[in-house]
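Trainee:
Residue numbers (the working numbering), protein chains in the order written: chain A, 2 to 250; chain B, 4 to 226; chain C, 5 to 148; chain D, 319 to 539.
#1: Once you ignore the five residues that flank residue 67 of chain A on each side, which residues in its own chain have a CB closer than 7 Å to its CB?
#2: Rounded to whole angstroms, what's the CA-CA distance from residue 192 of chain A to residue 117 of chain A? Just pull it up for me.
#3: Roughly how many angstroms lie between the CA atoms of residue 323 of chain D and residue 329 of chain D, to the nearest whole one?
#4: Starting from residue 162 of chain B, follow its DSSP beta bridges and name the residues at the other end.
#5: So, is residue 121 of chain A buried or exposed, given that buried needs 16 or more other C-beta atoms within 10 angstroms?
#6: Assess contact between the segment 431-444 of chain D and the segment 488-505 of chain D, defined as three or more Cβ pairs (one per stretch) separated by less than 8 Å. Is contact present?
#7: Residues bridged to residue 483 of chain D by DSSP?
#8: For residue 393 of chain D, name the three-state secondary structure that DSSP assigns.
#9: Scan the segment 50-113 of chain C and note each continuous beta strand (DSSP E) run of 3 residues or more that stays entirely inside, going in chain order.
#10: Give me the chain A residues within the contact set of residue 342 of chain D, using Cβ-Cβ distance strictly less than 8 Å, ordered along the chain.
#11: Kindly indicate the opening and closing residues of the alpha helix (DSSP H) around residue 23 of chain A.
#12: Excluding the 5 residues preceding and the 5 following residue 20 of chain A in the sequence, name in chain order all residues of the same chain whose CB lies nearer than 7 Å to its CB.
#13: Just the chain B side, please: which residues come within less than 7 Å of residue 142 of chain A by C-beta, in chain order?
#14: For residue 535 of chain D, decide whether its Cβ has a neighbour in chain A, counting only Cβ atoms nearer than 9 Å.
#15: Kindly indicate if chain D contains any beta-carbon less than 9 Å away from that of residue 72 of chain B.
#16: Tell me whether the segment 7-26 of chain B and the segment 413-426 of chain D touch, counting them as touching only if at least three CB pairs, one residue from each stretch, are closer than 8 Å.
#17: In chain order, what residues of the same chain lie with their CB nearer than 6 Å to the CB of residue 102 of chain B, ignoring the 5 residues before and after it?
#18: Since residue 363 of chain D sits in a beta bridge, which residues does DSSP pair it with?
#19: Any Cβ of chain B within less than 9 Å of the Cβ of residue 406 of chain D?
#20: On the three-pair Cβ rule with 8 Å, is the segment 100-111 of chain C touching the segment 67-85 of chain C?
#21: Would you grab the beta carbon distance between residue 98 of chain B and residue 223 of chain B for me? Rounded to a whole angstrom, and I think it's under 8 Å.
#22: On the DSSP bridge assignment, give the partners of residue 338 of chain D in chain order.
#23: If you follow the alpha helix (DSSP H) that residue 86 of chain B is in, where does it begin and where does it stop?
#24: If you follow the alpha helix (DSSP H) that residue 253 of chain A is part of, which residue opens it and which one closes it?
#25: Within this structure, are the beta carbons of residue 180 of chain B and residue 181 of chain A separated by less than 9 Å?
#26: Mind checking who residue 333 of chain D pairs with in its DSSP beta bridge?
#27: For residue 43 of chain C, which beta-bridge partners are listed by DSSP?
#28: Where do the ends of the alpha helix (DSSP H) carrying residue 92 of chain B lie?
#29: Which first and last residues belong to the alpha helix (DSSP H) in which residue 54 of chain B is found?
#30: Under 8 Å Cβ to Cβ from residue 167 of chain A, same chain only, skipping five residues before and after it: list those, please.
#31: I'd like the list of long-range same chain contacts for residue 134 of chain A, defined as Cβ closer than 8 Å, with 5 residues on each side in sequence excluded.
#32: Under the rule that 16 or more other beta-carbon atoms within 10 Å means buried, what is residue 247 of chain A, buried or exposed?
#33: Cβ closer than 8 Å: which chain B residues qualify as neighbours of residue 154 of chain A?
#34: If you measure beta-carbon to beta-carbon, which residues of the segment 48-59 of chain B are closer than 9 Å to chain D?
#35: If you reduce the DSSP assignment to three classes, tell me which class residue 123 of chain C lands in.
#36: Sort out for me which residues DSSP pairs residue 419 of chain D with in a bridge.
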């Protein structure tokens, strides 16, 4: 039984099989991401009611919050697949991890930029050492560290394993960092009561937010598959099946 | 196992004392950086007192970071690291020995000289003991976590900047709690919480960082 | 070499687990400490709370003590934990949920006259949903 | 497979379908080697054909892309501790600390293996490799050939059954080469086995198996 599952996993994770399967999946993810994204943005920017305190400027949360969620989600995905790659020697997992990092970094960057744009009307300054913004900034540094290590080791397998270990160490550290920053922040200026801390959010605002969050996840799925496919082609460029594929073009 | 720990520790200490001039470098760096601040900002006691915990802690952090190279670089370059990995003893124990030696040679001197720098920066007398304790609990973590980073980057040419890039974000909790403990102690308040937290991180780092370092070394050796 | 490979590995695993549990115990003890510098009015009056340092106090707003300055945003009110009262001064816009009898947490500093000068006031929904720190403070005061 | 009676034909090291890839390049695949007690194996091949990688895989420093290495019939990863106690690897790096004396270098190398040797024995070994009287000289004062000789003394003192050596003749003079050859012969006589690489072409007055790596294929001659 176990052997059969293991065999199945290995077959699915073989680069060739992944290449053909993912090629069929990408359009679905991409189309639904675009559809949901447009719908969510329209609902969020034009239909959702104006906030009673922050007026129109709160609408940035429809981008900021999904981006912030994604930044953490992708880091965890990265660490988990790096762990799978490290323990079970599945190359595909390493490729997914490597393909995820820049996407995660971009989401983190977007969360930071929109967060500080939101900060201007809310706090009167673009940058405030708010606990969330600070955590995001450190998360961005963690992504940079991963990518720097990945690109500075020549041998691809070694690079995957080394940066994978770093991602895992980072994931152990994230709760500690998060707690430290939060605690440091409450000590210095008091927790900022942001809209989302309250359990209730008006349903007309909540739905577009959730739609945007799902759209972001689908977008990530599409992009990570595209990037991982590129990795597969590049890394397997000396294999027979890739050569045949190229000749067909 | 204990024997292997002791032998490696003794070897590293002996090696360090054979090249004593290098031994003092991190310490001098630490003192130098701290004394740059009064020159750069202003030597007014009020301002320095506010900045002192942060300045001393950041300098300690950078000083440890610069000395991390010493941990595995030489052993990597002359092949001794391969021999360590082919030892019948658990690599984790050997890593612990090397990290402990590193701390004795860099962290401990920083702890010992810190009171002097505290005086330079007008840290109130009642906070000096907190400064020592926080460094005593925090600097071993810097060595332990740093070891992971060095073992990942030891094979990379010019890995110095890369090392800081991957290690500094992981140092942030220690910096926050260490500096804050000194800050709070200057106001004459209890810092039990901060010190306990630093001790917790130390316990966690001692248990997990050598494991991660051992894995990292195996990855690096697989060249 | 007295130990074989398996017992060595077991010993290492046990040590790691011990280390992690020690870390957990230490961290939990640390959280019990007053890391947030949160004090109750009783602690303010008996001198446990320091002056001139950013701290937090929590309790209920005493009925009928809220005075609003007519030409500025200055508000004065008393805070109680059921046993002792302290006075609080705050200059700024109070949260919508701020009412008399309401549970609040205030950030700020104690001045020399034992008046708490708040930089920020956070209100909680009602007494039944107090933040745990307020509830603990109230409970501790009742026991005295 | 394992003939325990004579000991001489007992299988020591074995690889099954080994494959090695470095920097996206396939160095060798389907490489199966068998090494019995008292057997000496020479790995041949051009620069970059994967000789060093193969040795590092054999001693467990590097992971093979495919296949496994077996020590006395069991996977090395299962019996790591036994394997490391009976194997010694000498890479092309010196492993010598310039700040330590010859004696200290040997002792710290032995310590790493959880071994120790009485001073007389170490002196004897040093005499054997032509370093008598150098025991308290800091190694940085020695020539690179002399440093290689420290390693040879260490090799001798480990009493390991299996020697894995990467270019053992590097930096050695004619006498040094002869020394290595005589050490190998002696080692073989006592039932030890060895794997080594060299492009100097060593001539041992005994049977020697060899494996040639190259063109992406390893083939046993």
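By construction, the Cβ of each residue, glycine as well, lies at the ideal position given by its N, Cα and C atoms.
Mentor: Straight from the coordinates:
#1: Take residue 67 of chain A, set aside five residues on each side of it, and the residues of its chain with a beta-carbon closer than 7 Å to its own are 213, 214 and 217, in chain order.
#2: Since pLDDT at residue 192 of chain A reaches only 38, below the 50 mark, its modelled position is unreliable, and no value is offered.
#3: Low per-residue confidence applies at residue 323 of chain D: pLDDT is 46, beneath 50, and the placement is therefore not dependable, though the value from the model is reported in the following sentence. Rounded to whole angstroms, residue 323 of chain D to residue 329 of chain D spans 12 Å at the Cα level.
#4: None, per the DSSP bridge assignment.
#5: That one is exposed.
#6: Fewer than three pairs of CB atoms, one per stretch, sit closer than 8 Å, so the segment 431-444 of chain D makes no contact with the segment 488-505 of chain D.
#7: In the DSSP output, where bridge partners are listed per residue, residue 483 of chain D has D/408 and D/514.
#8: Correct three-state label for residue 393 of chain D: strand.
#9: As far as the segment 50-113 of chain C is concerned, its whole beta strand (DSSP E) runs of at least 3 residues are 59-65, 78-84 and 89-95.
#10: The contacting residues are 157, 236, 238 and 239.
#11: Residue 23 of chain A -> alpha helix (DSSP H) spans 16-43.
#12: Same-chain partners within the cutoff: 230 and 233.
#13: Within chain B, the residues near residue 142 of chain A are 172.
#14: Residue confidence is low: residue 535 of chain D scores 48 on pLDDT, short of 50, so the model does not pin down where it sits. Its coordinate-derived value is still stated next. With 9 Å as the cut-off, residue 535 of chain D does not count as an interface residue toward chain A.
#15: No, residue 72 of chain B lies away from the interface with chain D (no Cβ there is under 9 Å from its Cβ).
#16: Yes, since at least three Cβ pairs between the segment 7-26 of chain B and the segment 413-426 of chain D fall closer than 8 Å, the two stretches touch.
#17: Cβ contact annotation for residue 102 of chain B (same chain, cutoff 6 Å, sequence separation greater than five): 146, 147 and 150, in chain order.
#18: Residue 363 of chain D is bridged by DSSP to D/531.
#19: Interface with chain B (9 Å Cβ-Cβ cutoff): residue 406 of chain D is included.
#20: Counting Cβ pairs under 8 Å, three or more are found: they touch.
#21: Residue 223 of chain B and residue 98 of chain B do not touch by the CB rule: their CB atoms are close to 13 Å apart, not below 8 Å.
#22: Paired residue(s): D/346.
#23: Element bounds for residue 86 of chain B: 83-88.
#24: Residue 253 of chain A lies beyond the stretch modelled for chain A, which goes from 2 to 250, so this question has no answer here.
#25: Yes, these two residues count as a Cβ contact at 9 Å.
#26: In the DSSP output, where bridge partners are listed per residue, residue 333 of chain D has D/351 and D/387.
#27: Looking at the DSSP output, residue 43 of chain C shares a beta bridge with C/61.
#28: No alpha helix (DSSP H) holds residue 92 of chain B; DSSP gives it neither H nor E.
#29: For residue 54 of chain B, the enclosing alpha helix (DSSP H) starts and ends at 48-70.
#30: Only 146, 147 and 150 meet the Cβ criterion.
#31: For residue 134 of chain A, where only same-chain residues beyond five positions count, the Cβ hits under 8 Å are 113, 116, 117, 120 and 128.
#32: Residue environment analysis places residue 247 of chain A among the exposed positions, since fewer than 16 neighbouring C-beta atoms fall within 10 angstroms of its C-beta.
#33: Neighbours of residue 154 of chain A on chain B, chain order: 158 and 159.
#34: Hits within the stretch: zero.
#35: Three-state DSSP puts residue 123 of chain C in a strand.
#36: D/456.
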